[in-house]
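Residue numbers are given in the numbering used here: position 42 of the sequence shown equals residue 42, and the series is strictly consecutive. Everything below concerns the one structure shown next.
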Amino acid sequence: MTKKSDPLQHLMRRRVADAETGQEPASEYDTLVDDYKQLQRLVEEQSRLIATLQRESGADPLTGLANHKTLSMELERSLATARRYGRRHALILLNVADFANLAAQLGEDTTTALLRHLSSLIRQNIRPTD
């Protein structure tokens, strides 16, 4: 059995097997088409996975909001745009005061639900470009 990640070796094995069994060249064409389609599916799958990784690597896993790295990059880009075009920009910073104490009182599950709810409210009330 061949691995998904090794379609070229799979093709070569098929060619050798076809030569040994005396199959017609037309079957080689069909094989090439099938292998091409398989490669195309693999590339599409990898592209989706890369897009998912890029999206998730910039987000906090709990809230889904931008993580520190993404926030820093977006802030730098926004400030550069503001300087270049003389536009004003705003930054909203939300700090839940004494969060550690709140977490101790309410418990992890409740504070997790609270953070997720707050992040959902933020996402609902800002534009995607913000």
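Even glycine gets a Cβ: it sits at the ideal position worked out from N, Cα and C. None of the values given here were measured: they were computed from a predicted structure.
- The shortest C-alpha to C-alpha distance from phenylalanine 99 to any of Glu28, Thr111, His89, Arg88 is the one to Thr111.
- Taking 8 Å as the cut-off, the Cβ atoms of aspartate 18 and glutamate 28 count as close.
- The way I'd put it, the segment 104–124 does touch the segment 62–80; three or more beta-carbon pairs between them come closer than 8 Å.
- Leucine 11 counts as buried, since at least 16 other C-beta atoms from the protein chains shown sit within 10 angstroms of its C-beta.
- Per DSSP, the beta bridge partners of alanine 66 are Ala59.
- Judged by DSSP secondary structure, isoleucine 122 falls within the alpha helix (DSSP H) whose first and last residues are 108–124.
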